[in-house]
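>
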Amino acid sequence: MVEKIKVLLIDDDEDDYIITRDVMDDIPGRNYVLDWAPSFEQALDLIREGRHDVYLVDFYLGAKNGLELIAEAVAGGAKSPFILLTGQSDRETDEKAMRAGALDYLVKGTFNPFDLERSIRYSIEHAKSLAEIQMLNAQLEQRVEERTQELAEAIRKLEDTNRSLYEAQQEIHKALQKEKELHELKSRFVTIASHEFRTPLSTVLSSASLIGKYTTLETDDKRQKHVARIKSAVSNLTNILNDFLSISRLEEGKIYNVPSAFDLCAFSGEVVEEMQGNLKPGQQISYQHGSNLYTVNLDKQLLKNILLNLLSNGSKYSEEGKTIYLRTGLANGMATLTVQDEGIGIPKADQAHLFTPFFRAKNATNIQGTGLGLNIVKKYVEVMGGQLTYQSEVGQGTTFTIHIPNTAEV
Ligand code: ADP
Numbered sequence: 001m002v003e004k005i006k007v008l009l010i011d012d013d014e015d016d017y018i019i020t021r022d023v024m025d026d027i028p029g030r031n032y033v034l035d036w037a038p039s040f041e042q043a044l045d046l047i048r049e050g051r052h053d054v055y056l057v058d059f060y061l062g063a064k065n066g067l068e069l070i071a072e073a074v075a076g077g078a079k080s081p082f083i084l085l086t087g088q089s090d091r092e093t094d095e096k097a098m099r100a101g102a103l104d105y106l107v108k109g110t111f112n113p114f115d116l117e118r119s120i121r122y123s124i125e126h127a128k129s130l131a132e133i134q135m136l137n138a139q140l141e142q143r144v145e146e147r148t149q150e151l152a153e154a155i156r157k158l159e160d161t162n163r164s165l166y167e168a169q170q171e172i173h174k175a176l177q178k179e180k181e182l183h184e185l186k187s188r189f190v191t192i193a194s195h196e197f198r199t200p201l202s203t204v205l206s207s208a209s210l211i212g213k214y215t216t217l218e219t220d221d222k223r224q225k226h227v228a229r230i231k232s233a234v235s236n237l238t239n240i241l242n243d244f245l246s247i248s249r250l251e252e253g254k255i256y257n258v259p260s261a262f263d264l265c266a267f268s269g270e271v272v273e274e275m276q277g278n279l280k281p282g283q284q285i286s287y288q289h290g291s292n293l294y295t296v297n298l299d300k301q302l303l304k305n306i307l308l309n310l311l312s313n314g315s316k317y318s319e320e321g322k323t324i325y326l327r328t329g330l331a332n333g334m335a336t337l338t339v340q341d342e343g344i345g346i347p348k349a350d351q352a353h354l355f356t357p358f359f360r361a362k363n364a365t366n367i368q369g370t371g372l373g374l375n376i377v378k379k380y381v382e383v384m385g386g387q388l389t390y391q392s393e394v395g396q397g398t399t400f401t402i403h404i405p406n407t408a409e410v
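The opening residue of the sequence shown carries number 1 in full-length UniProt numbering; numbering runs sequentially from there.
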């Protein structure tokens, strides 16, 4: 048996109900059941139950009207279609009805069974199509949402890959750069080595051949002079070799900070003593320890190298007879060491490159050197976790200051 179509008439006039029922009864097939809601509130209650397939709504409903009812019912989730019953047929009512959510309208008193049947059938079909479209739309939105999320995820992954690639590229770039620097360093090593080795080696050669000629007792003075020259040339060579070795060990990351506890004042005294043989005639080192604390916990070997380097520079870049000042101090968990000279100073324009390997200031080209010492000093200070600063005026002198964290309990 075909299921009957349930129609709800919402109309406050019982006569209209009777007329509508009669018209409906005349629809061939008698396939309709008509219920009646005489008021706005009753209608909303019945619509909420959702038992009807279609609603016929009168335009006038007491103080309110059919359009308001349709709007409220639709907002409340009503699914079945609304057909508005109006007093007149005009475009304005038609549009208003559609805007409120009605699917069709019929002009009261004029519609016949055929019109009613057609309108109901049309509205139900239309509502079904609308529901289907809404469902498809929702599905589509859901898929768009899913796709958007997939896309966002893909973009995120792509960005990740991109970032990794960029980082890898940076790493390669850095490695290449390092490789390039190492290569330059090596070729500069060769140039400097061949240049710096030549002078002491020829001294050794000439002094050695002269010693061979001074065979008598009377020439003992001259022999001794040349022996001293050879010793100095060899020690010079050793220094250069040591610098090369230090640089290469620093490059390989093989220089470590190995602190031990010792007396800074006594240690500095020994370094000053060791320097005595390398000073120019008349030069002296004045040493002061400005603290009543003495024990430090630092790497002795690194600190010794640092001080010897700075003190030899102080002597090398000062004239004969000048004083080089060494000051040490301990305060607030910091060891401070200062090496000051009254020498030639470093031109301002050259100061920026001071710690670059092989760099030599313009006013130092006549003085022997490799341009490695300060680079080594700076790196040693860094390995010890400290800082190196300097201050220099051409013709007045240079001061290097080192601050190193000192963990010794004193
Ligand atoms: P080197 O002394 O072998 O040339 P360094 O690395 O020790 O190498 O010093 C680099 C340059 O810095 C020197 O060539 C010199 O121009 C300048 N310099 C370093 N120390 C002093 C100083 N105490 N007084 C003047 N110039 C200095």
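All C-beta atoms, glycine included, are put in the ideal place defined by N, C-alpha and C.
Is the segment 333-349 close to the segment 392-410, with three or more CB pairs under 8 Å?
Result yes; three or more Cβ-Cβ pairs closer than 8 Å.
> May I ask you to check if the CB of Ala-189 is nearer than 7 Å to at least one heavy atom of the ligand ADP?
Indexing the sequence shown from 1 puts residue 189 at position 189. At residue 189 the sequence reads Phe, which differs from the Ala that was named. Flag unset: Cβ of Phe-189 not near the ligand ADP.
> So is Lys-96 buried or exposed if we call it buried at 16+ other beta carbons inside 10 Å?
Here residue 96 refers to the residue found at position 96 when the sequence shown is read from its first residue. Buried, by the Cβ-count rule.
> What number of angstroms, rounded off, separates the C-alpha of Ala-73 from the C-alpha of Glu-153?
One-based indexing of the sequence shown puts residue 73 at position 73. One-based indexing of the sequence shown puts residue 153 at position 153. Distance between the alpha carbons of Ala-73 and Glu-153: 41 Å.
> Would Asn-297 and Thr-407 qualify as a contact pair, given that the criterion is a beta-carbon distance under 8 Å?
In the sequence shown, residue 297 corresponds to position 297, counting from 1. In the sequence shown, residue 407 corresponds to position 407, counting from 1. Yes. Within cutoff.
> When the distance is taken between beta carbons, is Gln-284 closer than 8 Å to Ser-318?
For this step, residue 318 is matched to residue 318 along the sequence shown. For this step, residue 284 is matched to residue 284 along the sequence shown. For Ser-318 and Gln-284, no; Cβs fall outside 8 Å.
> In whole angstroms, give me the CA-to-CA distance for Val-410 and Leu-264.
Residue numbering aside, residue 410 sits at position 410 when the sequence shown is read from its first letter. Residue numbering aside, residue 264 sits at position 264 when the sequence shown is read from its first letter. Note that Val-410 scores 48 on pLDDT, short of 50, meaning its location in the model is unreliable and no value can be drawn from it.
> Within the continuous beta strand (DSSP E) that includes Gln-88, where are the two ends?
Taking the first residue of the sequence shown as position 1, residue 88 is located at position 88. Run containing Gln-88: none; DSSP gives neither H nor E here.
> Assuming Lys-304 and Val-271 form a contact by the criterion Cβ under 8 Å, report the distance between their Cβ atoms to the nearest whole angstrom.
Numbered from its first residue, the sequence shown carries residue 304 at position 304. Numbered from its first residue, the sequence shown carries residue 271 at position 271. At roughly 6 Å, the Cβ-Cβ gap stays under 8 Å, so Lys-304 and Val-271 are in contact.
> Which residue or residues does DSSP assign as beta-bridge partners of Pro-405?
One-based indexing of the sequence shown puts residue 405 at position 405. According to DSSP, which records beta bridges pairwise, Pro-405 is partnered with Met-334.
> Could you compute how far the alpha carbon of Glu-125 sits from the alpha carbon of Lys-79?
Locating residue 125 in the sequence shown gives position 125, where the first residue counts as 1. Locating residue 79 in the sequence shown gives position 79, where the first residue counts as 1. Distance between the alpha carbons of Glu-125 and Lys-79: 12 Å.
> Nearest-angstrom Cα distance between Ser-315 and Leu-176?
Residue 315 sits at position 315 when you count from the first residue of the sequence shown. Residue 176 sits at position 176 when you count from the first residue of the sequence shown. The alpha-carbon atoms of Ser-315 and Leu-176 are separated by roughly 39 Å.
> What's the call for Gln-88, buried or exposed, on a 16-neighbour Cβ count within 10 Å?
If you number the sequence shown from 1, residue 88 lands on position 88. Under this definition Gln-88 is an exposed residue.
> Alpha carbon to alpha carbon, how far is Glu-179 from Glu-251?
Here residue 179 corresponds to residue number 179 of the sequence shown, with the count starting at 1. Here residue 251 corresponds to residue number 251 of the sequence shown, with the count starting at 1. Using only the alpha carbons, I get a separation of about 11 Å.
> Within its chain, find whatever has a CB closer than 7 Å to the CB of Pro-405; leave out the 5 residues flanking it on each side and keep chain order.
Locating residue 405 in the sequence shown gives position 405, counting from the first residue. Around Pro-405: Gly-333, Met-334, Gly-385, Gly-386.
> Considering only the alpha carbon of each residue, which of Phe-355, Lys-362, Ala-361 lies closest to Lys-378?
The sequence position of residue 378 within the sequence shown is 378, counting from 1. The option with the nearest alpha carbon to Lys-378 is Phe-355.
> Taking all protein chains shown into account, decide if Glu-117 is buried (16 or more other Cβ within 10 angstroms of its Cβ) or exposed.
Residue mapping note: residue 117 aligns to position 117 of the sequence shown, counting from 1. Buried: at least 16 other Cβ atoms inside 10 Å.
> Note down, in chain order, each residue of its chain lying with its Cβ closer than 6 Å to the Cβ of Gly-321, except the 5 sequence neighbours on either side.
Start at 1 with the first residue of the sequence shown, and residue 321 comes out as number 321. Around Gly-321: Gly-282.
> Is any heavy atom of the ligand ADP found at a distance shorter than 7 Å from the C-beta of Arg-156?
The sequence position of residue 156 within the sequence shown is 156, counting from 1. Arg-156: no, Cβ never under 7 Å from the ligand ADP.
> Is Gly-282 near the ligand ADP, with its Cβ less than 7 Å from a heavy atom?
Counting from one through the sequence shown, the residue named residue 282 turns up at place 282. Not under cutoff, so the answer is no.
> Inspect the CB distances between the segment 21-40 and the segment 2-10 and report whether three or more fall short of 8 Å.
Contact between the segment 21-40 and the segment 2-10 is present, because at least three Cβ pairs lie under 8 Å.
> Applying the criterion that 16 or more other CB atoms from any shown protein chain within 10 Å of the CB defines a buried residue, is Pro-275 buried or exposed?
For the purposes of this step, residue 275 is taken as residue 275 along the sequence shown, with counting starting at 1. Checking the sequence shown, residue 275 turns out to be Met, not Pro. So Met-275 counts as buried.
> Do you know how far the Cα of Leu-151 is from the Cα of Ala-71?
Indexing the sequence shown from 1 puts residue 71 at position 71. Indexing the sequence shown from 1 puts residue 151 at position 151. Roughly 39 Å separates the two Cα atoms.
> Could you give the C-beta distance for Pro-81 and Ser-129, rounded to a whole number, given that I count them as a contact under 8 Å?
Mapped onto the sequence shown, residue 81 falls at position 81. Mapped onto the sequence shown, residue 129 falls at position 129. With 8 Å as the limit, Pro-81 and Ser-129 do not qualify as a contact, their Cβ atoms being about 11 Å apart.
> With three or more C-beta pairs closer than 8 Å as the rule, is the segment 233-252 touching the segment 365-372?
Yes: at least three Cβ pairs fall under 8 Å.
> Indicate whether Thr-20 and Leu-46 have their beta-carbon atoms separated by less than 8 Å.
One-based indexing of the sequence shown puts residue 20 at position 20. One-based indexing of the sequence shown puts residue 46 at position 46. Cβ atoms of Thr-20 and Leu-46: not closer than 8 Å.
> Going by Cα to Cα distance, which pick from Arg-121, Ala-233, Ser-209 is closest to Arg-223?
For the purposes of this step, residue 223 is taken as residue 223 along the sequence shown, with counting starting at 1. Of the candidates Arg-121, Ala-233, Ser-209, the one whose C-alpha sits nearest the C-alpha of Arg-223 is Ser-209.
> Using a Cβ-Cβ cutoff of less than 6 Å, which residues in the same chain neighbour Ile-27 once the five nearest sequence positions on both sides are dropped?
Position 27 of the sequence shown holds residue 27. Within the same chain, Ile-27 has close Cβ partners Pro-113, Glu-117.
> Please tell me whether, using a cut-off of 7 Å, the distance from the CB of Gly-371 to the nearest non-hydrogen atom of the ligand ADP is below it.
Position 371 of the sequence shown, counted from the first residue, corresponds to residue 371. The answer is yes for Gly-371.
> Using a Cβ-based criterion (distance less than 7 Å to any ligand heavy atom), does Phe-244 qualify as near the ligand ADP?
Residue 244 sits at position 244 when you count from the first residue of the sequence shown. No, Cβ of Phe-244 sits at least 7 Å from all heavy atoms of the ligand ADP.
> Report yes if the C-beta of Asn-375 is less than 7 Å from at least one heavy atom of the ligand ADP; otherwise report no.
Along the sequence shown, read from residue 1 onward, the residue named residue 375 stands at position 375. Indeed, a heavy atom of the ligand ADP lies less than 7 Å from the Cβ.
> Output the distance between the C-alpha atoms of Gln-368 and Leu-279, rounded to the nearest integer angstrom.
As a working note, residue 368 is residue 368 in the sequence shown. As a working note, residue 279 is residue 279 in the sequence shown. Taking the straight line joining both Cα atoms gives about 14 Å.
> Report the residue from His-403, His-52, Asp-104 whose alpha carbon sits nearest the alpha carbon of Gly-66.
Within the sequence shown, residue 66 is the residue found at index 66, counting from 1. When only C-alpha atoms are compared, the closest one is Asp-104.
> Tell whether a beta-carbon distance below 8 Å holds between Ile-306 and Val-381.
Your numbering for residue 306 matches position 306 in the sequence shown. Your numbering for residue 381 matches position 381 in the sequence shown. For Ile-306 and Val-381, yes; Cβs fall inside 8 Å.
> Name the two residues that bound the continuous alpha helix (DSSP H) containing Tyr-317.
Taking the first residue of the sequence shown as position 1, residue 317 is located at position 317. Here Tyr-317 belongs to no alpha helix (DSSP H), and DSSP marks it neither H nor E.
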